[in-house]
Amino acid sequence: MRKICKGYCLKLRTACKVGIKMIEHVSEENFEEKILYSDIPVVVDFWAKWCGPCLAFAPIFKKLSKKYGGKIKFLKCDLGQNKALADLFNVKAIPSLLFFCDGEIRDRTTGTYSTENLEKKLKSLIEECQE
Numbered sequence: 000m001r002k003i004c005k006g007y008c009l010k011l012r013t014a015c016k017v018g019i020k021m022i023e024h025v026s027e028e029n030f031e032e033k034i035l036y037s038d039i040p041v042v043v044d045f046w047a048k049w050c051g052p053c054l055a056f057a058p059i060f061k062k063l064s065k066k067y068g069g070k071i072k073f074l075k076c077d078l079g080q081n082k083a084l085a086d087l088f089n090v091k092a093i094p095s096l097l098f099f100c101d102g103e104i105r106d107r108t109t110g111t112y113s114t115e116n117l118e119k120k121l122k123s124l125i126e127e128c129q130e
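Every letter in the sequence shown is one number past the one before it in numbering that gives the first Met the number 0, and letter 109, counting from 1, is 108.
Here is the structure:
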């Protein structure tokens, strides 16, 4: 069912509600697969459980993952469990968002975003990756 749903959703370029997570977790073990070899743009939220602004931003990230899932891959990376990954991508403060296209960082931001401002960034990423 998951495979059928995934193919259907990719064809329509929409999020699928049957068995596919809108937000996945990325780690040192799976970042190549989830980020570098993704066939769609990727946004990674570097966060930590103890970070108040990160927790306040989480509902915005989740809301937009539902809206843009299938067009953009939404990932979260817990800094407490993935320090080496944060070092690799030079993440010095959280929350930090990294925007990828074809496995390359296209943009990065630090701090929280409103729904409207993040949505503008996501639309820009989609356009940039289609070129």
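Where a beta carbon is used, it is the ideal one built from N, C-alpha and C, also for glycine.
Closest by C-alpha distance to residue i, when choosing among the options
i, options, result
"SER95", "THR109, TYR36, LYS70 and ASP86", "THR109"
"LYS33", "CYS100, LYS66 and ASP86", "CYS100"
"LEU78", "MET21, GLU27 and ILE22", "GLU27"
"ILE59", "ILE104, MET21 and GLU31", "MET21"
"VAL42", "LYS91, GLU130 and GLY69", "GLY69"
"TRP46", "VAL25, LEU124 and ASP38", "VAL25"
"PHE73", "PRO52, ASP38, GLN129 and CYS50", "ASP38"
"PHE98", "LYS91, LEU117 and LYS62", "LEU117"
"LEU63", "LYS120, LEU54 and PHE30", "LYS120"
"SER123", "GLU23, CYS50, ILE71 and VAL90", "ILE71"
Residue i to residue j span [Cα, whole Å]
i, j, result
"PHE56", "ASP106", "18 Å"
"ILE93", "ALA83", "15 Å"
"PHE88", "THR114", "24 Å"
"LYS61", "LEU54", "11 Å"
"GLN129", "PHE30", "22 Å"
Which residues DSSP lists as bridging residue i, in chain order
i, result
"LYS75", "HIS24 and ASP44"
"GLU103", "CYS100"
"THR109", "SER95"
Burial state of residue i (16 or more Cβ within 10 Å)
i, result
"GLY102", "exposed"
"ASN81", "buried"
"LYS75", "buried"
"LEU35", "exposed"
"ASP86", "exposed"
Alpha helix (DSSP H) segment containing residue i, residue limits
i, result
"LEU117", "114-129"
"ALA92", "Careful: ALA92 lies outside any alpha helix (DSSP H) and carries neither H nor E."
"GLY51", "51-67"
"ASP86", "82-87"
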